[in-house]
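Everything on this sheet refers to the single structure shown next.
Protein chains in written order, with the working numbering: chain P, 76 to 256; chain S, 88 to 813; chain E, 238 to 334.
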């Protein structure tokens, strides 16, 4: 009985967050003002974070909030403010009626295809290593992720750090004001 | 060029002068080439009055009125080569006539049961179809040759005087010679294709000569009309040839005569062939419904009207039917149609002639009417009568036309002498009392009038009476009488044709007398200033008139009927018997000759009708009551309808010409040419190239949105490849 | 749950695609790309329930790269804005050719 109630609650929340995410995404795509759009995107991200937590990826959920919503979106808003693009922009921002219509059709086609493909039995030729997420005593919940991160995927991890370095350098260089030259 | 096949050695005419029969058409052809060369040579430096010169300098020569003589304000410059042309032009005709007479003499001394065919070269050998360029000499073609070269020579001589001051003098004779060449080809051809070459060629020359003074648009239009209407008839000729070949496998006369039994008598095939040939005849010989070009053709010089539209070209249709007599005798329905149309045309044209004021138009409608008689003759199977009327008609109609040429010549010289450029020299209302100024012409034209009216013993009487007698005889009993057309029995139709013929004879007498009265008798309406300048034409023009007058008077002796024992009987009939005898017998089968009393009664009626016509005209018409053309009131009522030729031209224009013109303009020109070919194909392909270029340009537009679109489309396409719909 | 998560992921992804196609403001297009990345993250997490930690590790990487990309990308946009005063995609076509 408790299990059933729990699963019902679980489903209800899943759908709730899912719905809000979709609604916020649609709202995000249709805003004229970049700042408003950014805000709606943040809402979507929060919902996704909630979904991650519900799916036993708590670390990811927290990372989502901290990094995505808290850092990346903030950078976006900073840039919007910097370039003074906060005002609802000219009408030419969104493409015309036919463009939207056709884009809608394409979207429907894409969704239909993806759904069909995900339902169909696909044989995964590549062997996905299954590493169970273990909650260790030393690492806790994070340990399940960080363990493989520093063991099996160490190389990728190190490369990512190099990537971040490059990104920082690049951003600084590109963002620098050119002195009259 | 000659003799790729062995000469017909079997024929008695071989090795006589007849082997030079090819010279007959070649001589006028030579004349054409020489005169044409002279005309082109002189055209390099155009004279001031040449109609080919653009601008108004040539305008005066482009008047629709003909007969150019000394113009006081333009001193006339005779063409540089006029003398040479005067020698070559008529010269070749005279030589050709001499040769024709020699060949005729040779033919008279042998038995002409078989025609003499001389093959010149292989023309179109195509599997089963073997057409040679061959000339055929037999009694029928000889008759035509004599008429063409004889009357033609006289008219050429007349033209020397008539056209003496025309700047297009060599061109005129070149065309005239070319015409004679084609006409001789037509009558001498041994097969239908050679005849067709001549048929079309005379149509071409008719166009060239009608529109001789082409700088006046009306003349050019008349030429066009003649040519186009002729072409409609030519279509009929062609279809008949196709049918003939398809059903008999041969197109030469000998071959057809041999295989004619293959065609079921009275069947649909033979009837179709004959009817299509007759369509060609209605075009060439101006019968209903294609007669409309002949009155307009009077725009050409008067000698042209005499030669082409009286004596020779328009008789080609009659010759065709006589030549195809075997076929027509096998198709009673077609022959009935020919006779009926001929009779209707005779009457119809005669009514119109009653109310025409232009002297040449009266003669034009008279020609149409007399051609109707000829077709009646060949239609009822009296081929000799029809051809005989052709011959006599050539005499008196040429005389009438040349005589009117003299009159117009005189009127023109009078008007020019008085600087009168506004009055019409051809309108009878401006004439009157000319007999004291042109006595010779007066006498000769009266002879011709009596001949055409059918007064004994002139030539016209003999020929016309033979035709009417034959109609009556066939009506009483023949294959025609037993056949029926559109449900009406043949004998009824033939009696009706006889009635038409009689009525037309009456009207002929009336309108011809009317013409003579208004022109020569009564008070003069030419005006006191111009009248003293009227005089007879020079002898070079009057001489041929005299010869023709003589022939019109005594021409009847060629075919004296039984009741007129003034000389040898039926010479012409006997002469043509080898050619048309069989067909005549076949048509007349089922009936007997007319009883002597009936025949005499018919003749009496005919003569009475002719005399009555002349009397009516003399009594009822008052030339004194006429006023000159510019003061004449417009006609009203039925007279107006007749004067306007029953508005047939206007009806054709509305019904046929305008729809074709509009169709061409809006559908073919604007729709197809401009719209489809220009717009769709030419401009469209250019547009397509531009569109392809535009599409290519989009690939590198630099627009990120475009790239994004393409990307997404590509992804969807790619994913779609993996989707398997269950 | 996994199937629904995948469906949701597909939906969000598509919304992101539509946004990329429709919008002309470069920054908003960028944000749509971020939305697409988020959708992909969701499907990785969903798969991680089936196949283990690899999915979540990948999400870490995705987020890192997304951050780097956002930084550099926005720097580029700032550069462009300094050049021609507009971030409308229609005006950014110097690569035309």
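Where is the CB? At the ideal position from N, CA and C, for every residue including glycine.
To be precise: take each residue of the stretch 180-196 of chain P, compare its Cβ to all Cβ atoms of chain S, and keep it if any distance is under 8 Å. Which residues remain? 181, 184, 185, 188, 189, 191, 192 and 195
Going by the beta-carbon positions, is the gap between residue 678(S) and residue 568(S) smaller than 8 Å? yes
To the nearest angstrom, how far is it from the Cα of residue 613(S) to the Cα of residue 607(S)? 12 Å
I'd like the span of the beta strand (DSSP E) that includes residue 846(S), first residue to last. Here chain S comprises residues numbered 88 to 813, so residue 846(S) is not present and cannot be evaluated.
Residue 296(E): contacting residues in chain S (beta-carbon distance under 9 Å): For residue 296(E), no chain S residue has a C-beta closer than 9 Å to its own C-beta; the minimum C-beta separation is roughly 22 Å.
Is residue 166(P) close to chain S? Criterion is C-beta to C-beta, closer than 8 Å. The pLDDT assigned to residue 166(P) is 49, lower than 50, so where the model puts this residue is not dependable; a value taken from the coordinates is nonetheless given after this. Chain S contact via Cβ: absent.
Could you pull out every residue in the same chain whose Cβ sits closer than 7 Å to the Cβ of residue 153(S), ignoring the five residues on either side in sequence? For residue 153(S), the predicted model reports a pLDDT of 43, less than 50, meaning its position is unreliable and no value from the coordinates is stated.
Drop a sphere of 10 angstroms on the beta-carbon of residue 112(S), count the other beta-carbons inside from all chains shown, and report buried for 16 or more, exposed for fewer. Burial call: buried.
Please list the partners that residue 155(P) has in chain E, where partner means a Cβ-to-Cβ separation under 7 Å. 264
By DSSP, does residue 223(S) sit in helix, in strand, or in coil? strand
Excluding the 5 residues flanking residue 485(S) on each side, which residues of the same chain have their C-beta closer than 6 Å to its C-beta? 238, 393, 397, 398 and 635
Per DSSP, which residues does residue 571(S) bridge with? Please list them. 576(S)
Residues of chain S with a CB under 9 Å from the CB of residue 330(E): which are they? 788, 789, 790 and 791
Would you list the residues sitting across from residue 218(S) in a DSSP beta bridge? Answer by DSSP bridge pairing, in chain order: 211(S).
Chain P partners of residue 273(E), CB-CB under 9 Å? Going along chain P, no residue has its Cβ under 9 Å from residue 273(E), so there is no contact; the nearest lies around 10 Å.
What does the Cβ neighbour count give for residue 519(S), buried or exposed, with the cut at 16 atoms within 10 Å? buried
If I measure Cβ to Cβ from residue 416(S) and keep anything under 6 Å in the same chain, skipping five residues before and after, which residues do I get? 670, 673 and 674
Return the CA-CA distance between residue 461(S) and residue 709(S), expressed in angstroms with no decimal places. 32 Å
Show which residues of chain S have a CB atom less than 8 Å away from the CB atom of residue 324(E). Per Cβ cutoff of 8 Å: no residues; residue 324(E) is ~11 Å from chain S at best.
Residue(s) in a DSSP beta bridge with residue 642(S): Its beta-bridge partners do not exist; DSSP assigns none.
Can you find a C-beta in chain B that's less than 8 Å from the C-beta of residue 254(E)? Going by chain labels, chain B is absent from the structure shown, which instead holds the protein chains P, S and E.
One question on the structure: do residue 429(S) and residue 367(S) come within less than 8 Å of each other, judged by their Cβ atoms? no
So for residue 443(S), helix, strand or coil by DSSP? coil
Taking the alpha-carbon positions, what's the residue 797(S) to residue 781(S) distance? Looking at the two C-alpha atoms, the distance is approximately 16 Å.
To the nearest angstrom, report how far apart residue 78(S) and residue 289(S) are at their CA atoms. This structure does not reach residue 78(S), given that chain S is present from 88 up to 813, and the question cannot be answered.
Close Cβ partners of residue 183(P) (< 6 Å) along its chain, the five nearest in sequence each way excluded: none
Short CB-CB distance (under 8 Å) between residue 277(E) and chain P: So, not an interface residue.
What is the DSSP secondary structure of residue 194(P), reduced to helix, strand or coil? In the three-state DSSP reduction, residue 194(P) falls in the helix class (H, G or I).
Chain-ordered neighbours of residue 287(E) on chain S, where CB pairs are closer than 7 Å: Per Cβ cutoff of 7 Å: no residues; residue 287(E) is ~21 Å from chain S at best.
Which partner residues of residue 325(E) appear in the DSSP bridge assignment? 262(E)
Contact between the stretch 537-550 of chain S and the stretch 561-579 of chain S is defined here as three or more beta-carbon pairs at a separation below 8 Å; is this criterion met? no
Using DSSP bridges, identify the partner residues of residue 278(S). 339(S)
Assigned secondary structure, residue 647(S) (DSSP; H/G/I helix, E/B strand, else coil): strand
What does the Cβ neighbour count give for residue 680(S), buried or exposed, with the cut at 16 atoms within 10 Å? exposed
By a C-beta neighbour count over all protein chains shown, 10 Å radius and 16 as the cutoff for buried, is residue 252(P) buried or exposed? exposed
Any residues in the stretch 794-811 of chain S with a beta carbon nearer than 9 Å to a beta carbon of chain P? Which ones, in chain order? 796, 799, 800, 802, 803, 806, 807, 809, 810 and 811
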